[in-house]
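Undergrad: There's a structure below that I have some questions on.
There are 2 protein chains.
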Amino acid sequence: MTEETRPGEPLSGPTPTPAAGTRLDRWLGAYAARTHGMRASEIRALFAVANRPEVVSLAGGMPYLEGLPLDVIGELAQRVVQTRGTTALQYGSGQGDEGLREQILEVMRLEGIEAHPDDVVVTTGSQQALDLVTRLFVDPGDVVVAEAPSYVGALGVFRAYEADVVHVPLDAHGIVPEALETTLADLAREGRRVKFLYTIPNFHNPAGVTLSRERRPRILEIAQRHGVLVVEDNPYGLLGFEGDPLPAMRSVDDEGVIYLGSFSKTFAPGYRVGWAVAPHAVREKLVLASESAILCPSNASQLAISGYLATCDWKGQVKAFRELYRERRDAMIGALAEHLPDATWTVPDGGFYTWVRLPDGLDAKAMLPRAVTARVAYVPGTAFYADGQGADHVRLSFCFPTPDRIREGVRRLAGVVSAESELVSLFGTGGARPGDDMQSPGPDLA
Amino acid sequence: MTEETRPGEPLSGPTPTPAAGTRLDRWLGAYAARTHGMRASEIRALFAVANRPEVVSLAGGMPYLEGLPLDVIGELAQRVVQTRGTTALQYGSGQGDEGLREQILEVMRLEGIEAHPDDVVVTTGSQQALDLVTRLFVDPGDVVVAEAPSYVGALGVFRAYEADVVHVPLDAHGIVPEALETTLADLAREGRRVKFLYTIPNFHNPAGVTLSRERRPRILEIAQRHGVLVVEDNPYGLLGFEGDPLPAMRSVDDEGVIYLGSFSKTFAPGYRVGWAVAPHAVREKLVLASESAILCPSNASQLAISGYLATCDWKGQVKAFRELYRERRDAMIGALAEHLPDATWTVPDGGFYTWVRLPDGLDAKAMLPRAVTARVAYVPGTAFYADGQGADHVRLSFCFPTPDRIREGVRRLAGVVSAESELVSLFGTGGARPGDDMQSPGPDLA
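Those protein sequence lines, which keep their order, are chains G and A. Start counting the first sequence at 1; every next residue gets the next number (full-length UniProt numbering). Start counting the second sequence at 1; every next residue gets the next number (full-length UniProt numbering).
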């Protein structure tokens with residue numbers, strides 16, 4: 001090609017490719033090491049099908065938004081632009097709007113957290129907060145300790161930063177202190193660098209269990225004794241079905257805990273507003289990292305949420321959500337008891353999910369295509385482990401479908417399980433590869 | 001601490017700290033290597049002062065939003081929530097709303113780009129797109145080639161991923177092809193891995209220059225011959241003051257270029273909506289990386305912009321912005337000629353910035369506190385280099401202040417320059433350390 005080539009003409013001449021590039025991807029040889037495990041989930045294509053209206057999806061983590069006062073929220077959105085437009089539409093603070101950070105303190109006070117607005121960093125959903133925390137702390141090969149099972153989106157982040165995830169078992173009362181103690185002691189003996197414990201104390205995703213009040217100080221004490229930071233991810237804490245929220249771990253340890261919060265489940269995920277509360281020095285670095293990643297969070301989104309908190313009965317709305325989701329939890333648990341007597345499951349006191357152990361010999365991932373054919377979808381348990389465990393479990397969510405649809409979904413699932421069990425008893429199990437579906441199943445599974 | 005400790009009580013007992021933790025930061029020993037160069041800019045505190053109303057800020061890159069039809073935009077925001085609320089407020093596609101991606105094609109068509117909606121990935125501002133591209137390609141120690149000078153926010157991203165930035169000179173017609181050729185040949189001889197060329201072809205930030213029509217195919221040919229991907233960052237392309245936009249580099253090479261676009265300068269930054277257009281295989285990885293980073297971009301923001309593009313005269317608005325910024329450019333250039341005859345500067349054909357070389361012997365960073373005291377602010381040239389160059393330059397922006405304020409700001413700056421020159425001729429130069437202000441000066445400098 002010479003200078004005479006005009007823009008608009010295709011490039012001609014030799015087109016050498018970088019080392020190891022291919023016809024399908026000229027840049028194949030150029031990617032960073034951190035991308036090598038990156039691939040679309042095998043179950044992703046199935047979920048495209050699962051989103052069809054005839055399928056009952058017990059897979060997604062989408063909140064049910066039809067109860068929100070859309071008229072009022074729309075008027076608020078209008079007012080923000082018309083009265084504060086040159087702020088709402090402009091760049092803002094990298095740390096987030098100060099007024100919203102004040103209001104976030106009110107939200108967190110419901111779980112016993114006392115903090116200062118300076119401690120809060122507003123992020124593009126709490127997913128970004130988790131990405132930034134991992135960016136700050138994790139070098140390739142560092143250990144992150146997480147519950148077994150753990151949130152699929154967190155495992156994706158840890159993998160993106162080439163962390164080595166070590167799981168610690170959960171039981172009905174949350175992460176098991178003795179197991180955490182043993183794991184951290186073993187890792188210390190092996191000279192491994194543990195960067196943090198990632199935990200979802202309330203209404204766990206996917207396990208549905210809650211860390212008991214008694215265990216909370218024990219977990220903090222163990223982490224502190226081992227010099228391990230705790231990352232407390234708490235999107236569901238206000239969505240408990242009985243009694244008051246338990247005190248957040250951050251409420252008793254402001255130097256050893258990074259707390260992640262979100263409006264996605266208590267209000268709406270479409271604004272993508274979450275936050276982190278971190279010890280002072282960490283918070284400063286979080287702001288710098290966030291500015292590097294996105295410059296600043298959306299002022300339009302932040303002011304819309306700020307207006308909602310200031311003028312709407314947001315606590316009443318959270319209460320309405322709690323009642324809605326409790327009814328759906330009851331529908332789910334009732335249907336499981338009726339249709340899947342050979343399975344076992346957790347009975348969540350809040351949140352969106354139950355964790356179901358299938359009858360012996362079944363493989364949740366191998367069974368998924370047949371379930372989707374039978375017009376019901378779930379997430380196979382392997383998605384929630386970094387190490388291939390979980391084939392005998394499924395996560396069922398009760399947040400989005402109506403109670404009738406939930407019952408119908410469980411009925412369909414029971415039919416699939418029954419047929420599958422029969423096959424297994426005749427021919428033995430199938431052969432799905434464990435762990436393959438850990439990567440990015442997409443926002444549907446948030 | 002024992003099991004009896006109740007939540008709410010402060011933790012007592014021994015509080016061992018991780019290796020190398022300090023009283024000021026218990027986690028100091030735990031940070032990842034990528035954070036080691038991370039620190040707040042020294043000039044950041046000054047900019048807090050510079051944002052006071054009595055200071056004329058020629059530092060920021062904030063677009064001027066008062067001309068936007070806020071009433072109409074407010075009504076659109078309302079309509080989106082009231083008619084499509086359960087979509088706008090819900091999680092969305094990790095790749096971005098399909099309708100908006102279609103509309104983005106229309107925007108890009110103005111610069112000769114023909115693409116498919118599948119090629120587009122919507123991001124939280126184009127800053128996030130740049131972060132994700134760097135995440136996909138850069139291992140620590142890899143080379144990124146960038147213009148000298150280059151966008152401060154890009155240099156921050158490259159540093160966050162531990163890239164080694166190698167600068168290639170610009171002149172009045174953009175990046176110099178011969179210099180690019182020599183640099184890439186030298187790097188190849190040294191066996192360095194060059195991951196991409198980062199370039200801002202139109203109305204360069206901070207240099208104000210535009211890559212000429214003639215040079216565009218030459219730059220592409222050189223990059224292609226060396227197997228180097230081109231990242232074309234184009235936030236200002238539609239904001240040219242004369243004639244039609246030049247064809248984007250992406251318009252002539254769809255496999256060798258990743259194009260980054262943004263609504264921040266042609267509409268409003270407060271929604272944080274930008275995008276990347278990438279070769280198919282790269283685009284797939286971008287979506288996975290974005291889902292890991294934020295799950296999905298804001299549906300509320302995307303649908304608000306989609307409504308604006310669909311129902312408002314957005315091309316007319318871009319034209320109004322062009323006229324507004326041309327008038328301000330003229331005010332800036334006129335004032336420079338009048339008040340700073342010993343300096344030299346670029347005369348931009350569009351965008352937000354001019355790049356001013358100070359009279360001999362002046363140090364832009366050392367002078368900044370005195371400028372702020374004289375109620376005018378700018379960004380010292382060192383912010384725009386990875387290697388400490390630039391102390392003899394300042395970036396002046398003409399996007400936000402009115403023409404009168406611009407003239408007043410340049411007049412004040414001239415007073416500071418004059419006093420400083422006198423000091424220099426008496427005592428020699430001061431001693432600011434070069435390169436210190438590269439890190440994250442905050443969203444104000446976008």
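Built from N, CA and C at the ideal position, the CB exists for glycine as well. Quantities reported herein were computed from a predicted structural model and do not represent experimental measurements.
Is it buried or exposed, arginine 109 of chain A, if we count other Cβ atoms within 10 angstroms and call 16 or more buried?
TA: As a working note, residue 109 of chain A is residue 109 in the second sequence. By the neighbour-count rule (16 or more Cβ atoms within 10 Å), arginine 109 of chain A is not buried but exposed.
Undergrad: Relative to the alpha-carbon of glycine 141 of chain A, which residue among G:Ala32, G:Leu220, G:Gly428, G:Pro279 has its alpha-carbon at the smallest distance?
TA: Sequence index remark: in the second sequence, residue 141 of chain A carries index 141 (1-based). Considering only alpha carbons, the answer is G:Ala32.
Undergrad: Reducing DSSP to helix, strand and coil, say where alanine 148 of chain G ends up.
TA: Along the first sequence, one-based indexing puts residue 148 of chain G at 148. Here alanine 148 of chain G sits in strand by DSSP.
Undergrad: Identify the residues that DSSP records as bridge partners of isoleucine 258 of chain A: which are they?
TA: What you label residue 258 of chain A is simply residue 258 of the second sequence in a count that begins at 1. Looking at the DSSP assignment, isoleucine 258 of chain A forms a beta bridge with A:Val231.
Undergrad: Glutamine 78 of chain G to methionine 367 of chain A, Cα distance in whole Å?
TA: Here residue 78 of chain G refers to the residue found at position 78 when the first sequence is read from its first residue. Here residue 367 of chain A refers to the residue found at position 367 when the second sequence is read from its first residue. If you take the alpha carbons of glutamine 78 of chain G and methionine 367 of chain A, they lie about 44 Å apart.
Undergrad: Anyone know if the C-beta pair for valine 209 of chain A and glutamate 232 of chain A falls short of 7 Å?
TA: Taking the first residue of the second sequence as position 1, residue 209 of chain A is located at position 209. Taking the first residue of the second sequence as position 1, residue 232 of chain A is located at position 232. It is not a contact, given that the beta carbons lie outside the stated cut-off.
Undergrad: Please classify glycine 94 of chain A as buried or exposed, where buried requires at least 16 neighbouring CB atoms within 10 angstroms.
TA: Here residue 94 of chain A corresponds to residue number 94 of the second sequence, with the count starting at 1. Glycine 94 of chain A should be labelled buried.
Undergrad: Do you know offhand how far aspartate 404 of chain A's Cα is from valine 56 of chain A's?
TA: On the second sequence, position 404 is the one that residue 404 of chain A refers to. On the second sequence, position 56 is the one that residue 56 of chain A refers to. Each residue's alpha carbon lies about 10 Å from the other.
Undergrad: Kindly say whether leucine 286 of chain A, judged by its beta-carbon, lies nearer than 7 Å to any beta-carbon of chain G.
TA: Counted from its first residue, the second sequence places residue 286 of chain A at position 286. No, its Cβ sits nowhere closer than 7 Å to a Cβ of chain G.
Undergrad: To the nearest angstrom, how far is it from the Cα of arginine 433 of chain A to the Cα of leucine 155 of chain G?
TA: Position 433 of the second sequence, counted from the first residue, corresponds to residue 433 of chain A. Position 155 of the first sequence, counted from the first residue, corresponds to residue 155 of chain G. A caution first: arginine 433 of chain A carries a pLDDT of 41, below 50, which makes its placement in the model unreliable, though a value can still be read off. The alpha-carbon atoms of arginine 433 of chain A and leucine 155 of chain G are separated by roughly 42 Å.
Undergrad: Report the option in G:Pro235, G:Pro201, G:Tyr271 whose CA atom is closest to the CA atom of leucine 246 of chain G.
TA: The residue you call residue 246 of chain G lines up with position 246 of the first sequence. Comparing Cα-Cα distances from leucine 246 of chain G to each of G:Pro235, G:Pro201, G:Tyr271, the minimum goes to G:Pro201.
Undergrad: Quick check: is the beta carbon of tryptophan 275 of chain A nearer than 7 Å to any beta carbon in chain G?
TA: As a first step, residue 275 of chain A must be located in the second sequence, where it is residue number 275. Output row for tryptophan 275 of chain A: interface = no.
Undergrad: What residue from G:Lys365, G:Tyr161, G:Arg329 has the CA that sits closest to glycine 350 of chain G's CA?
TA: For the purposes of this step, residue 350 of chain G is taken as the residue at position 350 of the first sequence. Among G:Lys365, G:Tyr161, G:Arg329, the Cα nearest to that of glycine 350 of chain G is on G:Arg329.
Undergrad: Comparing the C-beta of threonine 35 of chain G with each C-beta of chain A, is any distance below 7 Å?
TA: Against the first sequence, residue 35 of chain G aligns to sequence position 35. With 7 Å as the cut-off, threonine 35 of chain G counts as an interface residue toward chain A.
Undergrad: I'd like to know if tryptophan 27 of chain G contacts chain A, where contact means its C-beta is closer than 7 Å to some C-beta of that chain.
TA: Translated into the one-based positions of the first sequence, residue 27 of chain G becomes position 27. Answer yes: the Cβ-Cβ gap between tryptophan 27 of chain G and chain A drops below 7 Å somewhere.
Undergrad: In terms of residues, what are the limits of the beta strand (DSSP E) holding alanine 276 of chain A?
TA: Taking the second sequence and counting its residues from 1, one reaches residue 276 of chain A at position 276. 274-277 is the span of the beta strand (DSSP E), which, as asked, contains alanine 276 of chain A.
Undergrad: List the residues of chain G whose Cβ lies closer than 9 Å to the Cβ of methionine 62 of chain A, in chain order.
TA: Residue mapping note: residue 62 of chain A aligns to position 62 of the second sequence, counting from 1. Residues of chain G passing the Cβ test: Gln90, Tyr91.
Undergrad: Looking at valine 417 of chain A and arginine 395 of chain A, is the spacing between their C-beta atoms short of 7 Å?
TA: For the purposes of this step, residue 395 of chain A is taken as residue 395 along the second sequence, with counting starting at 1. For the purposes of this step, residue 417 of chain A is taken as residue 417 along the second sequence, with counting starting at 1. No; because the gap between Cβ atoms is not below 7 Å, this pair is not in contact.
Undergrad: Compare the Cα-Cα distances from tyrosine 236 of chain A to each of A:Ser292, A:Asp254, A:Arg326 and report the closest residue.
TA: Against the second sequence, residue 236 of chain A aligns to sequence position 236. Looking at the Cα atoms, A:Arg326 is the closest of the given residues.
Undergrad: Taking C-beta to C-beta, are serine 306 of chain G and glycine 96 of chain G nearer than 7 Å?
TA: Residue numbering aside, residue 306 of chain G sits at position 306 when the first sequence is read from its first letter. Residue numbering aside, residue 96 of chain G sits at position 96 when the first sequence is read from its first letter. In this structure, glycine 96 of chain G does not lie closer than 7 Å to serine 306 of chain G by Cβ.
Undergrad: Kindly list the residues whose CB is nearer than 8 Å to the CB of glycine 361 of chain A, restricted to its own chain and excluding five residues on each side of it in sequence; keep chain order.
TA: Translated into the one-based positions of the second sequence, residue 361 of chain A becomes position 361. Cβ within range, chain order: Ser421, Val424, Ser425, Gly428, Thr429.
Undergrad: The alpha helix (DSSP H) with aspartate 164 of chain G in it runs from where to where?
TA: Within the first sequence, residue 164 of chain G is the residue found at index 164, counting from 1. Run containing aspartate 164 of chain G: none in the alpha helix (DSSP H); it sits in the beta strand (DSSP E), 164-171.
Undergrad: Considering only the beta carbon of each residue, do leucine 239 of chain G and arginine 322 of chain G sit closer than 7 Å?
TA: To locate residue 239 of chain G, count along the first sequence from 1; it is residue 239. To locate residue 322 of chain G, count along the first sequence from 1; it is residue 322. Yes; because the gap between Cβ atoms is below 7 Å, this pair is in contact.
Undergrad: So, is the C-beta of serine 292 of chain A closer than 7 Å to a C-beta in chain G?
TA: In the second sequence, counting from the first residue as 1, residue 292 of chain A sits at position 292. For serine 292 of chain A, the answer is yes, since a Cβ of chain G falls inside 7 Å of its Cβ.
Undergrad: Please classify tyrosine 198 of chain A: does DSSP put it in a helix, a strand, or coil?
TA: Here residue 198 of chain A refers to the residue found at position 198 of the second sequence. In the structure shown, tyrosine 198 of chain A sits in a strand (DSSP, three-state: E or B).
Undergrad: Distance, Cα to Cα, cysteine 296 of chain G vs isoleucine 73 of chain A?
TA: As a working note, residue 296 of chain G is residue 296 in the first sequence. As a working note, residue 73 of chain A is residue 73 in the second sequence. If you take the alpha carbons of cysteine 296 of chain G and isoleucine 73 of chain A, they lie about 21 Å apart.
Undergrad: Distance cutoff 7 Å, beta carbons only. Does glycine 99 of chain G sit that close to anything in chain A?
TA: As a first step, residue 99 of chain G is located in the first sequence; it is residue number 99 there, counting from the start. Cβ-Cβ to chain A under 7 Å: no for glycine 99 of chain G.
Undergrad: Can you give me the C-alpha to C-alpha distance between valine 133 of chain A and tyrosine 259 of chain A, rounded to a whole angstrom?
TA: As a first step, residue 133 of chain A is located in the second sequence; it is residue number 133 there, counting from the start. As a first step, residue 259 of chain A is located in the second sequence; it is residue number 259 there, counting from the start. Cα-Cα distance, rounded: 10 Å.
Undergrad: Would a C-beta distance cut-off of 7 Å place valine 165 of chain G and alanine 146 of chain G closer than the cut-off?
TA: Indexing the first sequence from 1 puts residue 165 of chain G at position 165. Indexing the first sequence from 1 puts residue 146 of chain G at position 146. Result yes, Cβ atoms of valine 165 of chain G and alanine 146 of chain G sit closer than 7 Å.
Undergrad: Spell out whether any CB of chain G is found under 7 Å from the CB atom of glycine 261 of chain A.
TA: Taking the second sequence and counting its residues from 1, the one referred to as residue 261 of chain A is at position 261. No, no contact with chain G.
Undergrad: Would you kindly report the start and end of the unbroken alpha helix (DSSP H) that includes tryptophan 314 of chain A?
TA: As a working note, residue 314 of chain A is residue 314 in the second sequence. Note, tryptophan 314 of chain A: alpha helix (DSSP H), 314-339.
Undergrad: May I ask you to report which of helix, strand or coil DSSP gives leucine 184 of chain G?
TA: On the first sequence, residue 184 of chain G is found 184 positions in, with the first residue counted as 1. Residue state, collapsed to three classes: helix.
Undergrad: Can you tell me where the beta strand (DSSP E) holding valine 356 of chain G begins and where it ends?
TA: Here residue 356 of chain G corresponds to residue number 356 of the first sequence, with the count starting at 1. Per DSSP, valine 356 of chain G belongs to the beta strand (DSSP E) from 353-357.
Undergrad: Check whether the Cβ of methionine 1 of chain G lies closer than 7 Å to any Cβ atom in chain A.
TA: What you label residue 1 of chain G is simply residue 1 of the first sequence in a count that begins at 1. Because methionine 1 of chain G carries a pLDDT of 34, less than 50, the predicted location of this residue cannot be relied on, and no value is offered for it.
Undergrad: Tell me whether glutamate 106 of chain A is buried or exposed, calling it buried when 16 or more other Cβ atoms sit within 10 Å of its Cβ.
TA: Taking the first residue of the second sequence as position 1, residue 106 of chain A is located at position 106. Classification for glutamate 106 of chain A: exposed.
Undergrad: Assuming alanine 148 of chain A contacts proline 169 of chain A under a Cβ cut-off of 8 Å, what Cβ separation, rounded to an integer in Å, is found between them?
TA: Taking the first residue of the second sequence as 1, we reach residue 148 of chain A at position 148. Taking the first residue of the second sequence as 1, we reach residue 169 of chain A at position 169. Right, the Cβ-Cβ distance comes to about 5 Å (below 8 Å), so this counts as a contact.
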